[in-house]
Amino acid sequence: MQKKPPRPDRRGPLPGDHPATSSPRRPKPAASAVPRDAPGIKNPYVRFRPLKRPPVQLHSSTLWDYPSQHYGSGSQGSQGYRGATPSHVIWNVVERTTKEGDLVVDPFCGSGTTIDVCRDLKRRCKGFDLVSSRDDIVRADARELSQHVDKETAHLVFFDPPYADNLNYSDDPACMGKLPFAGSAWSQAMGKVLDELWTITRPGGHIAGYVSDILHVEHKKQKQGGRELKSIEKEFQPLGLELSNLARARGFVFVDHVCVVRRGKALDDPRLRARAVDDGFMLRGFSHLLIFQRPATRAPLPARAVTFASKKAPTPPVPAPRSTRKPPRRRR
Ligand SMILES: C[S@@+](CC[C@H](N)C(=O)[O-])C[C@H]1O[C@@H](n2cnc3c(N)ncnc32)[C@H](O)[C@@H]1O
266 MQKKPPRPDR
276 RGPLPGDHPA
286 TSSPRRPKPA
296 ASAVPRDAPG
306 IKNPYVRFRP
316 LKRPPVQLHS
326 STLWDYPSQH
336 YGSGSQGSQG
346 YRGATPSHVI
356 WNVVERTTKE
366 GDLVVDPFCG
376 SGTTIDVCRD
386 LKRRCKGFDL
396 VSSRDDIVRA
406 DARELSQHVD
416 KETAHLVFFD
426 PPYADNLNYS
436 DDPACMGKLP
446 FAGSAWSQAM
456 GKVLDELWTI
466 TRPGGHIAGY
476 VSDILHVEHK
486 KQKQGGRELK
496 SIEKEFQPLG
506 LELSNLARAR
516 GFVFVDHVCV
526 VRRGKALDDP
536 RLRARAVDDG
546 FMLRGFSHLL
556 IFQRPATRAP
566 LPARAVTFAS
576 KKAPTPPVPA
586 PRSTRKPPRR
596 RR
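Per this note's numbering, the very first residue in the sequence shown carries number 266; after that it's consecutive.
Structure (structure tokens):
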């Protein structure tokens, strides 16, 4: 007897189902129908139910994870801004280190995420950036912040700077997204920013820096004796450790270190994940949130003898490993 084909599931995919794998018969939603969590817009992946984000709340451990870039039913900062800070991170820092009416400053304000979070939490906020993307962001170089904010007035400075030259944000020659980590250009600029933060932060106030480390992976080919040799060169740039050294050398006291789970297309890309395993490197799965306090008097730790960025010290090239994945089966 012939088996009946399974009946198509008429409920549509369940929340959490991957749309591409949920039903081969269901046409993929058009790019314009990508889920958008705005009032009145239904999520096409979950029929008749709008997309819901979990409520934003204080994280209870030093591992912070939240499934969305934004909280609530709208957005903080801009949806399309490349390099925007996840708003739950700012919400948690502001909620933990300040109270209503306190002054929060963001010297790298980008799309204005900090300003929007502060509005929600009833904190005063001053946002600066080299490129002013909206009226409430004042154009300023973070290395000259004390020209714009009164001395010792900020209760909290939240900053998410460019991660060395990983992303170029503008054509402005002062953009710190043009500064390489190797050779210490980025560290010197961050040192100047931290000096300014010392000047504007109240004694007892906090500064919180959000950064991610960088790993450069380069595939190289070399001819040797008529043969082509492939190798992989890696350069690890520990921006988190460097930032903590720079802050402590200026007298800031380390209060806490939080690991924020990174989410994004790159981390979900199966080809990139397979490459990381095959080529022996790891994708950056977390960002650092480094929280410091400004004591009343300055007692800086001696400048570290070693800055992680002082010289370029790439790891010796290693031969490219052979793929550990099984070769595809031949079809007969
Ligand atoms: C990682 S983004 C900040 C994202 C922001 N927190 C948000 O959520 O939209 C870094 C920002 O630093 C700015 N920037 C780069 N160099 C700067 C400088 N010298 N002074 C002030 N801002 C600068 C860039 O224009 C960019 O907007």
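Glycine included, C-beta positions come from ideal geometry on N, C-alpha and C.
Tell me, which residues are paired with L555 by DSSP? What you label residue 555 is simply residue 290 of the sequence shown in a count that begins at 1. DSSP, once it has assigned bridges, lists G474, H522 as partnering L555.
For the candidate residues G442, Y434, R318, H324, whose alpha-carbon lies nearest to that of V526? As a first step, residue 526 must be located in the sequence shown, where it is residue number 261. Of G442, Y434, R318, H324, the residue nearest in Cα terms is H324.
Going straight from the alpha carbon of L395 to that of A407, what length do you get? Working through the sequence shown from its first residue, we reach residue 395 at position 130. Working through the sequence shown from its first residue, we reach residue 407 at position 142. Between L395 and A407, the C-alpha separation is close to 8 Å.
Quick one: what's E493 bridged to in DSSP? Numbered from its first residue, the sequence shown carries residue 493 at position 228. In the DSSP output, where bridge partners are listed per residue, E493 has K488.
Considering only heavy atoms of ligand 1, does any lie closer than 7 Å to the CB of R265? In the structure as shown, the chain begins at 266 and stops at 597. Residue 265 is therefore absent and cannot be evaluated.
By Cβ distance below 7 Å, which residues in the same chain neighbour I355 in space, the five residues on each side in sequence not counted? If you number the sequence shown from 1, residue 355 lands on position 90. Taken in chain order, the residues that qualify are T378, T379, V382, F423.
What residues are listed by DSSP as bridge partners for T466? Locating residue 466 in the sequence shown gives position 201, where the first residue counts as 1. Looking at the DSSP assignment, T466 forms a beta bridge with A419.
Taking C-beta to C-beta, are R318 and S333 nearer than 8 Å? Along the sequence shown, one-based indexing puts residue 318 at 53. Along the sequence shown, one-based indexing puts residue 333 at 68. Contact flag set, yes.
Using a 10 Å radius around the Cβ and a threshold of 16 neighbouring Cβ atoms, would you call R538 buried or exposed? For the purposes of this step, residue 538 is identified with residue 273 of the sequence shown, where counting begins at 1. Exposed.
According to the neighbour-count rule (16 or more other Cβ atoms, all chains shown, within 10 Å of its Cβ), is V299 buried or exposed? Here the question's residue 299 lines up with position 34 in the sequence shown. For V299, the predicted structure reports a pLDDT of 39, less than 50, and the residue's modelled location is therefore unreliable. A value from the coordinates is still provided. Answer is exposed; the Cβ neighbour count stays below 16.
Would you call the CB atoms of D425 and P445 closer than 8 Å? Within the sequence shown, the letter at position 160 stands for residue 425. Within the sequence shown, the letter at position 180 stands for residue 445. Result no, Cβ atoms of D425 and P445 do not sit closer than 8 Å.
From M441 to D460, what distance separates their C-alpha atoms? For the purposes of this step, residue 441 is taken as residue 176 along the sequence shown, with counting starting at 1. For the purposes of this step, residue 460 is taken as residue 195 along the sequence shown, with counting starting at 1. One C-alpha to the other measures close to 16 Å.
For T562, count neighbouring Cβ atoms within 10 angstroms of its own Cβ and tell me buried if that reaches 16, exposed if not. As a position in the sequence shown, residue 562 is number 297, starting the count at 1. Exposed, because fewer than 16 other Cβ atoms sit within 10 Å of the Cβ of T562.
Might you give, ordered along the chain, the residues of its own chain that have their beta carbon closer than 6 Å to the beta carbon of S343, omitting 5 neighbours on each side? What you label residue 343 is simply residue 78 of the sequence shown in a count that begins at 1. Only S376 meet the Cβ criterion.
With DSSP as the reference, label V542 as helix, strand or coil. Position 277 of the sequence shown, counting from 1, holds the residue named residue 542. V542 falls in the helix class under three-state DSSP.
Selected residue, minimal CA-CA separation from F519, among L504, G529, H471: One-based indexing of the sequence shown puts residue 519 at position 254. The shortest Cα separation from F519 among L504, G529, H471 belongs to H471.
What are the partner residues of E215, as DSSP defines its beta bridges? One cannot answer for residue 215 here, as it falls past the ends of the chain, which runs 266 to 597.
Any heavy atom of ligand 1 closer than 7 Å to the Cβ of C374? On the sequence shown, residue 374 is found 109 positions in, with the first residue counted as 1. Yes, Cβ of C374 sits closer than 7 Å to a heavy atom of ligand 1.
Taking just the CA atoms, how far does E483 sit from I497? Walking along the sequence shown from the start, residue 497 turns up at place 232. Walking along the sequence shown from the start, residue 483 turns up at place 218. Between I497 and E483, the C-alpha separation is close to 6 Å.
Who are the near neighbours of R301 in its chain, counting only those whose CB is closer than 7 Å to its CB and skipping five residues on each side? As a position in the sequence shown, residue 301 is number 36, starting the count at 1. In this predicted model, R301 has a pLDDT of only 44, less than 50, meaning its place in the structure is not dependable; the value taken from the coordinates is given anyway. The answer is none, since no qualifying residue turns up.
Given a cut-off of 8 Å on the beta-carbon distance, is the pair G516 and W463 in contact? By 1-based counting over the sequence shown, the position of residue 516 is 251. By 1-based counting over the sequence shown, the position of residue 463 is 198. Closer than 8 Å, so yes.
Coil, strand or helix - C390 by DSSP: Here the question's residue 390 lines up with position 125 in the sequence shown. Looking at C390 - three-state DSSP - the assignment turns out to be strand.
So for H481, helix, strand or coil by DSSP? Translated into the one-based positions of the sequence shown, residue 481 becomes position 216. Strand.
Proximity test, V396 beta-carbon vs ligand 1 heavy atom, cut-off 7 Å: Along the sequence shown, one-based indexing puts residue 396 at 131. Flag set: Cβ of V396 near ligand 1.
Taking the alpha-carbon positions, what's the I479 to A454 distance? Locating residue 479 in the sequence shown gives position 214, counting from the first residue. Locating residue 454 in the sequence shown gives position 189, counting from the first residue. C-alpha separation (whole angstroms): 17 Å.
Classify S452: buried if its beta carbon has 16 or more other beta carbons within 10 angstroms, exposed otherwise. Position 187 of the sequence shown, counted from the start, is the residue given in the question as residue 452. With 16 or more other Cβ atoms within 10 Å, it is buried.
Determine the contact status of L555 and L532, defining contact as a CB-CB distance below 8 Å. Translated into positions along the sequence shown, residue 555 becomes position 290. Translated into positions along the sequence shown, residue 532 becomes position 267. Not closer than 8 Å, so no.
State yes or no: is the beta carbon of P372 nearer than 8 Å to at least one beta carbon in chain B? No chain B appears in the structure shown, which is made up of a single protein chain.
Look at the alpha carbon of P278 and the alpha carbon of V523, and state the distance between them as a whole number of angstroms. As a first step, residue 278 is located in the sequence shown; it is residue number 13 there, counting from the start. As a first step, residue 523 is located in the sequence shown; it is residue number 258 there, counting from the start. Annotation note: pLDDT 39 at P278 (below 50); position unreliable, coordinate value reported separately. A direct Cα-to-Cα measurement between P278 and V523 gives close to 35 Å.
With 16 other Cβ atoms within 10 Å as the buried cut-off, status of S297: The count along the sequence shown starts at 1 and reaches residue 297 at position 32. Confidence at S297 is low in this model, with a pLDDT of 44, below 50, so the placement of that residue should be treated as unreliable; the coordinate-derived value is given next. Exposed.
What do you get for V458, buried or exposed, if any count of 16 or more other CB atoms within 10 angstroms of its CB means buried? Your numbering for residue 458 matches position 193 in the sequence shown. Label assigned to V458: buried.
Beta-carbon proximity list for K443, same chain, < 7 Å, skipping 5 on both sides: Here residue 443 is taken as the residue at index 178 of the sequence shown, counted from 1. So the qualifying residues of the chain are D430, N433.
Would a C-beta distance cut-off of 8 Å place V369 and R388 closer than the cut-off? Numbered from 1 along the sequence shown, position 104 holds the residue referred to as residue 369. Numbered from 1 along the sequence shown, position 123 holds the residue referred to as residue 388. A contact, by the Cβ cut-off of 8 Å.
What residue ranges within the stretch 413-461 form continuous beta strand (DSSP E) runs of no fewer than 3 residues, ordered along the chain? 419-424
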